[in-house]
Amino acid sequence: MIKILIVVPYLELQQAFEEVLHTIDLQDLSVSTTHIFGTDPQVIQPLDADIIVARGITASAIALQKPSVHVVPINWSNADLLSALSQAKAVSNGGRIGLISNEQLCGQDELSTLVGRDVSVFQVTDQNDVLEGVSTLQKLGCTIFVGGLTMCRICEERNLSFIHVKTGYQAVVHAVNEAAAAARSLERAQTRGNLLGTLLNNATYALLAINSNGQIIAGNRQAENLFAKSPLEGLPVEKVYFSSRWAEAFNSGSPKEELVTINGQQCLVTQQPISMDDKKAGFLYTFQNAEAIRRTEHKIRTELNRKGLIARYSFSDIVTRNPHMLALVEKAKRFSQVPGTVLLLGETGTGKELFAQSIHNASPRAKEPFVAVNCAALPEQLLESELFGYTDGAFTGAAKGGKPGLFELAHKGTLFLDEIAEMPIVVQAKLLRVLQEREVRKIGADTVIPVDVRIISAANNAIIEKVREGTFRLDLFYRISLLSLQLIPLRNRQEDIGILFRHFVQQYCRRHGLKEPLLTDQAIAALNAFSWPGNIRELRNAAERLAILNTSDVVTVKEIDLLDIGSTSLQMHDEPQRQVRRKPKISDEELYQQFLASGLSRDVFARQMGMSRTTLWRKFTALEQ
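Under numbering that gives the first Met the number 0, the final residue of the sequence shown carries the number 624; numbering is consecutive throughout.
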């Protein structure tokens, strides 16, 4: 509760205040009066209140001696002053009038004109000034004195004539109203301060506010606990926390961060400059527990994982010894550092999503969502609503409250559009607009939502034919293929079949708690003889069957035959399940796409493929025309 104390130097003033207080609503305020006058510190210091109402030099002394208290002065009204001067004129028998006041009044000449008598004015601030003022004005020939109660007491002791300037009713009303207004303002400020204090003390991190001189002006409870000091206010920051970078942060005007250990606790320290009226006023320290940050990040990642909005694979998960694949990995790593769209081309099972997730996790967007959608798995209307979202009541069966689209979910992250060649032509047009405008409009909405999303698309080589046929927009193709990778089928990377198969067998044995068998070179040779039309996906399935069904410690050709690999493979051609170890024949177009994806010169690529440069030149010339 706000306390208001009214200082009354004489009985009539107290009675006036009591009369006024009965007419003004002062609920929730504590109002009391006390009888003192003068400027004696021993009298003023014990005064206990948030707001003190006083007059004259007493008000000035309280303001000086108790700076934390709001003082409402009771000023003389013009009517009060002129009334006292008129009384002095009436009883002075033509003598000069001496006026003693701590208020700024009009000049002596103006007062003399108003009163019709010579008036001399002496400005005072305390009791000593009043004593000096009486003596000075007496020497100037003043025969009667006008002023406050302190002056009256001095004049009485010296047997001098005096008139007391009494506070009128209107001045009392004004003082009470001003005190009440100040109390309400102070009450609001205290409420805001208490709320701010509660917020700061309930923050999960320690906080210090520092002025431009490096002195702590505020600190929350967490900071006191962290540094084991209380209170922190008024201490130099170096006594609590030393950082060589605080001056750098203050001078540069930009935030600084550093990871430090304080009292055995690892903290992320952020230093943020504070400006007031476009001038640097200090800076703010925040000390966040590093372990708490890790737990929060883990929680976020877990939630994203639960929603399927996280990329699980990285480039380290790509197992290969093939030089073309290694070149593709290096190329993809460069792609990850730029925001351009990426098109991944290749047969089913060649690892297009593995590359997409790896690019995302190596990019600056790694901590943001990774959202994947198979464009071939959804019909046109459903795909549209999934991509762009919809509002409440947008169509029959729409979920209450609407639904955010995948573009919204992927904001700041990556959207992976698998099998994009199967996207309906109508949806293609809307996708193109989103890529151009970087904004999405929900179905049924009349407003747009800005989005920041990186697009990675995947398709098989048939997308080129679809562009030629007109079933896939050429402008969209150019938009999504700013950067492109042609992934190599497993049959063209036979050196990887063995290491990939061993890798998968090891994974599945550990997953199922099974003993890992030894794979012989003959077994690997048998795997190499198969064309693997399903690529890595088919190889992985064969590895998992071996891990589950195998009972031998050593895997030979016999165990590989028992897998009956061909029974689960859709052969593209009528070819035997077991072949001589030879490289299958590939089309000129596939060869050309491999060359483009490899990044090698024609000479080196020709040697890698075991053909002459002339033959290679002849094949490519026909395709490039």
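For glycine and all other residues, C-beta sits at the position ideal for the given N, C-alpha and C.
| Query | Result |
| --- | --- |
| Endpoints, the beta strand (DSSP E) within which G146 is located | C141 to G146 |
| Coil, strand or helix - D417 by DSSP | strand |
| Any 3 or more C-beta pairs closer than 8 Å across the segment 118-129 and the segment 139-150 | yes |
| Limits of the alpha helix (DSSP H) - the one that T135 falls within | Q126 to K138 |
| Simplified DSSP assignment, three categories, for F121 | strand |
| CA-to-CA distance, Q41 to A170, given in whole angstroms | 28 Å |
| Pick from I455, W531, I448 and L46 that is closest to V6, judged by C-alpha positions | L46 |
| Exposure label - G233; buried when at least 16 CB within 10 Å | exposed |
| I73, enclosing alpha helix (DSSP H) - first and last residue | Unbroken run through I73 is the beta strand (DSSP E), H69 to I73; no alpha helix (DSSP H). |
| Sufficient close CB pairs (3 or more, under 8 Å) joining the segment 522-529 to the segment 477-488 | no |
| Start-to-end residues for the beta strand (DSSP E) that takes in H163 | S160 to H163 |
| Bridge partners - A208, DSSP secondary structure assignment | A217 and L283 |
| DSSP beta-bridge partners of Y389 | K402 and I442 |
| V259 versus D520, A280, Y284 and S274, residue with shortest Cα-Cα distance | Y284 |
| Own chain residues within Cβ distance below 6 Å of I51, not counting five before or after | L4, I61, V68 and V70 |
| Supposed close pair L482, V341 - CB separation, criterion 8 Å | 5 Å |
| Separation of L562 from S480, as counted between CA atoms | 40 Å |
| Cβ-Cβ distance between L308 and N262 below 8 Å | no |
| Integer Cβ distance of E558 from L545, believed to fall under 8 Å | 7 Å |
| Cross-strand partners of G97 (DSSP beta bridge) | S119 and F144 |
| Coil, strand or helix - A53 by DSSP | strand |
| DSSP-derived helix/strand/coil call for R187 | helix |
| Whole runs of the alpha helix (DSSP H) within the segment 305-380, excluding any shorter than 4 residues | 322-335 and 351-360 |
| Coil, strand or helix - S59 by DSSP | helix |
| Helix, strand or coil at L499 [DSSP, three-state] | helix |
| Host alpha helix (DSSP H) of K465 (start-end) | A461 to E468 |
| Local conformation of N549 per DSSP, three classes | coil |
| For L548 and G388, the rounded distance between their alpha carbons | 45 Å |
| DSSP bridge partner residues for I292 (one or two, in chain order) | DSSP, once it has assigned bridges, lists no residue as partnering I292. |
| Contacts around G281, its chain only, beta-carbon distance under 6 Å, and the 5 residues preceding and following it disregarded | I209, N210, S211 and I273 |
| Inter-stretch contact at 8 Å, needing at least 3 Cβ pairs: the segment 494-512 / the segment 351-369 | no |
| Helix, strand or coil at K618 [DSSP, three-state] | helix |
| Cβ-Cβ distance between A542 and Y507 below 8 Å | yes |
| Cut-off 6 Å between Cβ atoms - residues of its own chain near L517, not counting five sequence neighbours on either side | V553 |
| For E257, the residue or residues it bridges with in DSSP | V268 |
| Backbone CA spacing between V175 and T295 [nearest angstrom] | 54 Å |
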